[in-house]
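Counting from 82, one number per residue, gives the positions in the sequence shown under my numbering. Let me begin by presenting the structure, written as structure tokens, before commenting on it.
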Amino acid sequence: MTAFHHLSVLPDEVIALLEPVDGNIYIDGTLGGGGHAALILEKAPGARLIGFDRDPEALAAAGARLAPYGDRVRLVHGNFSDVAGHVASLGVAAIDGFILDLGVSSHQLDTRERGFSFQQDAPLDMRMDTTSGDTAADLVNSLPEPELDRIIADFGEERWSKRIASFIVAARSESPILTTFRLVDVIKGAVPKAKWDERIHPATRTFQALRIAVNAELASLEAGMRGALDLLRPGGRAVIISFHSLEDRIVKHIFREYAEGCTCPRQLPICVCGRQPRVKILTGRPVMATGEETDGNPRARSAKLRAVVKL
């Protein structure tokens, strides 16, 4: 296993919005290397933290980093989407805050054998949890062409999705597509060279789409957000960092849904729906990284932070 490395984005902004307090219970639902978790525990020396990650390598690295905090930390190998069940199994009924730092980590991208990157030849895997589930190769070599088209279009926002899907099906009929570079070659053949975007590699969107599909990232985000927001005590805070428009759209939509009050027609003299806002939005616009941070951590350029407080 290669040494785990990952720079936590927007660290100061996370702590400022989360406002950790001694004695409270916090969740880091995407633990990674434990950077944000360590900041929370350092800021509030009496706080406790439950950390989730699907990636066994990340969990091991975070465990080592957070070892000095002793029994203030509980680590869970599992998907944050089932946060309510995991927390209940630990005997915790409510929490005071949570942080989600979404997407793929620098370590996952840079570890060749994980198969996340189109810049290194490797088995076409892309699983965040390497102990279970279908790989990207499984999807690429088995899904019907219309389903491949849908995944690449919906999760990659790729305009050439239909053509890429047809090229994948044609290529796999000759021999299975098992490596990242083989898939890259297929994508390059499908997208007319004259239409390549100068700003990004032609395989970027398809690789993103497959990674999201392999890990059910968007469904997990929605389920995990709702579960964690329902666990928040009044005054508890949620801080979420997204890295592409699909994630940010879900975060913004769910935060707005929870912040909405009465939905009765305006012509009614009194409210009959009884709906009350459950959260207050703390970030009218997403918080972005400073130029100083992006100089040292280019991954932070696409980060968008949104936060709410439970009413």
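Each residue gets a CB set at the ideal place from its N, CA and C atoms; glycine is no exception.
- Item | Spatial distance of residue 356 from residue 343 (CA atoms) | If you take the alpha carbons of residue 356 and residue 343, they lie about 5 Å apart.
- Query: Got a sec? Which residues, its chain only, sit under 8 Å from residue 337 by beta carbon, not counting five neighbours each side?
  - Reply: Once the five neighbours on either side are set aside, the close Cβ partners of residue 337 are 362.
- Same chain, Cβ closer than 7 Å to residue 241, five either side skipped, listed in chain order: Excluding sequence neighbours, residue 241 sits near 271 and 272.
- With DSSP as the reference, label residue 237 as helix, strand or coil. Helix at residue 237.
- Message: Helix, strand or coil for residue 162? Go by DSSP, reduced to three states.
- Response: Residue state, collapsed to three classes: helix.
- Query: Using 8 Å as the threshold, is the stretch 310-327 in touch with the stretch 146-162, meaning 3 or more CB pairs across them?
  - Reply: no
- Query: Opposite residue 133 in the DSSP bridges: which residues?
  - Reply: Paired residue(s): 157.
- Query: In whole angstroms, what is the alpha-carbon distance linking residue 236 and residue 254?
  - Reply: 24 Å
- In three-state terms, what does DSSP make of residue 184? coil
- Between residue 156 and residue 127, is the Cβ-Cβ spacing less than 7 Å? no
- Query: Nearest-angstrom Cα distance between residue 99 and residue 319?
  - Reply: 7 Å
- Relative to the alpha-carbon of residue 153, which residue among 370, 92, 122 and 177 has its alpha-carbon at the smallest distance? Among 370, 92, 122 and 177, the Cα nearest to that of residue 153 is on 122.
- Which residue spans inside the stretch 288-348 form an unbroken beta strand (DSSP E) run of at least 3? 313-323
- Query: Counting along the chain, where does the alpha helix (DSSP H) carrying residue 244 start and finish?
  - Reply: 242-255
- Return the first residue and the last residue of the alpha helix (DSSP H) that residue 265 is part of. 261-271
- Task: Can you say whether residue 391 is buried or exposed, counting buried as having 16 or more other CB atoms within 10 angstroms of its CB?
- Result: buried
- Message: For residue 193 and residue 201, which I take to be in contact (beta-carbon distance under 8 Å), what is that distance rounded to the nearest angstrom?
- Response: 4 Å
- Boundaries of the alpha helix (DSSP H) in which residue 221 is found, first to last residue: Judged by DSSP secondary structure, residue 221 falls within the alpha helix (DSSP H) whose first and last residues are 217-223.
- Near residue 119, what residues of its chain come up, given a Cβ to Cβ distance below 7 Å and the 5 sequence neighbours on each side ignored? 146 and 147
- Task: Return the CA-CA distance between residue 281 and residue 384, expressed in angstroms with no decimal places.
- Result: 17 Å
- With a CB to CB cut of under 6 Å and the five nearest residues on each side skipped, what residues in its chain are close to residue 125? 101, 102 and 103
- Environment of residue 97 [buried if 16+ CB atoms lie within 10 Å]: exposed
- Would you say residue 170 and residue 305 are within 7 Å of each other, going by their C-beta atoms? no
- Task: Using the Cα positions of residue 399 and residue 220, report the straight-line distance between them to the nearest angstrom.
- Result: This structure cannot settle anything about residue 399, because the visible part of the chain is limited to 82 through 392.
- Query: Is residue 82 buried or exposed, if buried means 16 or more other CB atoms sit within 10 Å of its CB?
  - Reply: With a pLDDT of 46 at residue 82, under the threshold of 50, the modelled position of that residue is not reliable, and the figure given next carries that caveat. Result: exposed.
- Is the beta carbon of residue 183 less than 7 Å from the beta carbon of residue 303? no
- Output the boundary residues of the beta strand (DSSP E) element that contains residue 360. Counting along the chain, residue 360 sits inside the beta strand (DSSP E) bounded by residues 360-362.
- Using beta-carbon positions only, say whether residue 151 and residue 107 come within less than 7 Å of one another. No. Outside cutoff.
- Determine the direct distance from the alpha carbon of residue 210 to that of residue 137, and round the result to whole angstroms. 7 Å
- Query: Tell me which same chain residues have a C-beta within less than 6 Å of the C-beta of residue 196, skipping the five on either side of it?
  - Reply: 203, 204, 205, 206, 207 and 261
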